[in-house]
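Residue numbers (the working numbering), protein chains in the order written: chain A, 11 to 397; chain B, 1212 to 1417. Built from N, CA and C at the ideal position, the CB exists for glycine as well. Report on the following structure.
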C-alpha cells in the first residue's frame, strides 16, 4: 500500500514536470525549425518558462460562457486529464528493485492486463473530447469533437490490430514481460518495422498530434473542442494531451524499443544503481520519442479529413490485417508461441511490404480525387525597387 | 484592377508518381529538411538589446525615408510651423485622428496657420494618407516606432509635441521639401539648392 503510494507520487511528479518541460521544448523545437531562437527570457535559456506559463494559467480568469452544460463542461477536462494520467499506471519503467530484502516492481500497477488496460483507457479518453465539445454549446467545438470521435475510433482499429500482433508474438499482456522477451531476443523495432510504422501512425492520430490534429485545427475550427475553455480548465486539457503523448511514447518504447534495455550498458540486477540506470535509459528513450513527435509536428502539414479516414480504413487496416496473418504464420510454423523466430518475423514483414508495393503499383492513382483544380493568378509585380 | 482571363493559369494536379503515393519518401525528405534547419544559424534579433535602426536596409534595417511611425510637424527655415491649416490631412484621414484649429497667420507669407493641432496616436492607423495629402509637406511620418504612454491622454500628441518630434528626428529623416518662402521668384532656385543639400546629407548617412 505504502509502496504504491510512494510510486504513484514519484511517477506523477515526474510526469507533471515532463509535461511542463515538453511545452517549453515544443516551443524551442518549433523555433529552431523555423530558424528562430525561441523563449529565452525567463531564466537562463528560458528554463523557467514552464513555471511562468503555469502561473499565468492558474491566475487567469475562470470564465464559463453562457449556455454551456455546467456539469459536463467541468467534467470534460477532468476526465481527459484523469484518464491520461491513469493510463501511466501500467507502464513499466525499470524492471525490479530490491530494497531491504523486498522486491519492488518499478511499475505502479503490477497487473496481468497491461495492454488491455491501456487500450480501454485510450478509447475512453475520447469522451473527454466529445463531452468538452458538446458542453461548450459552440458549433466549432462540436465539429471538432465529432471529428475527434470519428478519428480516434477509426485509428483504434489498426492500433489494436498492430498491438494484437505484438501480444500474439510475446504471448502475454504484461508489458514488463514484453520487455523481458525483447531483452532475450532483440528489440521488436528490428524484427517488426512495419508493425511499428502502423503503431506510430495510430498513436499520432490517437493523441491528436499533427498531421492528425483535425479535432483542433486552428484554421477551420478556431481551437476545436477547447475553444471555450480558459484558465486551468484549458490547462487540464493541455496537460491531458501532453500526458497522453508521454504514455504513448512510453508504450512505443516498451513495445518496440526494448524498454529500459540498452545492450552492453544495462543489467537486470536489482541493486539501486542498476535500477536507476535502467530508469534513466527508459526516460532518455521516451524523450527521444517525444522529440520525434515534435519534429514531425513541425514538418508535416495537416491531412484533409476524408484523407485521414481513407488512410485509416483503406491503408492501415488492410496492412495491419496482412501483418497479423504473416505474424500468425510465423508463430504457427516456427517454435510456437514461446519462441517465434526473430528472423522469421522480419522476413514476414518484408514480404508484406513487397505485397504492399505491388498493390500500390497495381491500383490506379486516386489521390487527386475530389481536389479542386489549382488556379494561379498571374499579376505583374515590380520587385526591382526593393532596396 | 480587374483580372483578365489571360492573367489566370489553370493547373490540373498532376498524378502522383509511384514513390509519392507511398508518402514515406516524401515524409523522410521533409524530416531531413527540418532537422537541418534546427542546426542552422538563427535569424533572430534580441530586440531591446539589439536594434535595427542603424543597420543598412539590406541587412534588415529600417528604411527611414518610408517607414510609417509617429507623426511630426515640420518647421520651416525660420523655425515656424510649416503647416498652413488647409485641413487636407484631416479630411484625408480615414481614422479621423487629426484635429486642427486654424486661424489667420501672423506672418505675411501665408494666409493661415494652426492654432492647435493634435493627433490621437491611439486612433491612428499609420496609413500615411495625411502625408500624401499635405500640399506643403508639413505633416510627415517618422521612423519612430516605439511610442508608448501610460494613459490615453498621454498618447495625444499636440502641436508642441509634434514639433518636438521634428526636432528629434530631423537628423535621421531630413525634411525633403523646401520650406515655404512665400511666392518670391527665387523660390525655385532655393528649392533646388535645398533638395541638393538634403540628398547630399542622405548620401552621407547611407
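Test: residue i CB closer than 9 Å to a CB of chain B
| i | result |
| --- | --- |
| residue 185(A) | no |
| residue 324(A) | no |
| residue 309(A) | yes |
| residue 55(A) | no |
| residue 42(A) | yes |
| residue 375(A) | yes |
| residue 46(A) | yes |
| residue 367(A) | yes |
| residue 39(A) | yes |
| residue 144(A) | no |
| residue 305(A) | yes |
| residue 283(A) | no |
Cβ-based neighbour list, residue i, same chain, cut-off 6 Å, excluding 5 preceding and 5 following
| i | result |
| --- | --- |
| residue 243(A) | 87 |
| residue 140(A) | 155, 159 |
| residue 1264(B) | 1273 |
CA-to-CA distance, residue j to residue i, given in whole angstroms
| i | j | result |
| --- | --- | --- |
| residue 26(A) | residue 195(A) | 34 Å |
| residue 1325(B) | residue 1410(B) | 29 Å |
| residue 218(A) | residue 374(A) | 30 Å |
| residue 1418(B) | residue 1295(B) | Shown here, chain B extends from 1212 to 1417; a query on residue 1418(B) therefore has no answer. |
| residue 95(A) | residue 1233(B) | 35 Å |
| residue 250(A) | residue 19(A) | 17 Å |
| residue 1352(B) | residue 1415(B) | 22 Å |
| residue 264(A) | residue 189(A) | 6 Å |
| residue 354(A) | residue 206(A) | 16 Å |
| residue 1293(B) | residue 1381(B) | 14 Å |
| residue 304(A) | residue 124(A) | 27 Å |
| residue 66(A) | residue 225(A) | 25 Å |
| residue 1358(B) | residue 1365(B) | 10 Å |
| residue 43(A) | residue 1248(B) | 5 Å |
Short CB-CB distance (under 9 Å) between residue i and chain A
| i | result |
| --- | --- |
| residue 1245(B) | yes |
| residue 1355(B) | no |
| residue 1252(B) | yes |
| residue 1273(B) | no |
| residue 1248(B) | yes |
| residue 1335(B) | no |
| residue 1226(B) | yes |
| residue 1229(B) | yes |
| residue 1257(B) | yes |
Residue i - DSSP class collapsed to helix/strand/coil
| i | result |
| --- | --- |
| residue 1331(B) | strand |
| residue 55(A) | helix |
| residue 186(A) | helix |
| residue 311(A) | coil |
| residue 72(A) | coil |
| residue 281(A) | coil |
| residue 1314(B) | strand |
| residue 1396(B) | Below a pLDDT of 50, predicted positions are generally treated as unreliable, and residue 1396(B), at 46, falls in that range; no measurement from the model is reported. |
| residue 1350(B) | strand |
| residue 44(A) | coil |
| residue 194(A) | helix |
| residue 1325(B) | strand |
| residue 1221(B) | strand |
| residue 239(A) | coil |
| residue 1302(B) | helix |
| residue 179(A) | helix |
| residue 157(A) | helix |
| residue 1227(B) | coil |
| residue 373(A) | coil |
Cβ-based neighbour list, residue i, same chain, cut-off 7 Å, excluding 5 preceding and 5 following
| i | result |
| --- | --- |
| residue 1419(B) | In the structure displayed, chain B extends from 1212 to 1417; residue 1419(B) sits before or after that span and is not available. |
| residue 1219(B) | none |
| residue 152(A) | 143, 144 |
| residue 1262(B) | none |
| residue 36(A) | 304 |
| residue 85(A) | 141 |
Nonlocal neighbours in the same chain, by C-beta distance under 8 Å from residue i, ignoring five residues either side
| i | result |
| --- | --- |
| residue 168(A) | 208, 211, 212, 322, 326, 327, 329, 330 |
| residue 133(A) | 162, 163, 166 |
| residue 1370(B) | 1284, 1292, 1325, 1327, 1328, 1329 |
Please confirm if the region 257-267 of chain A is in contact with the region 97-114 of chain A, defined as three or more CB-CB distances below 8 Å between the two stretches.
yes
Could you check whether the region 145-164 of chain A touches the region 105-118 of chain A, counting it as contact only if at least three pairs of C-beta atoms, one from each stretch, sit closer than 8 Å?
no
Three or more beta-carbon pairs under 8 Å between the region 284-294 of chain A and the region 171-178 of chain A, yes or no?
no
Segment contact, 8 Å Cβ cut-off, at least three pairs: the region 293-304 of chain A with the region 314-321 of chain A
no
Is the region 1280-1289 of chain B close to the region 1340-1360 of chain B, with three or more CB pairs under 8 Å?
yes
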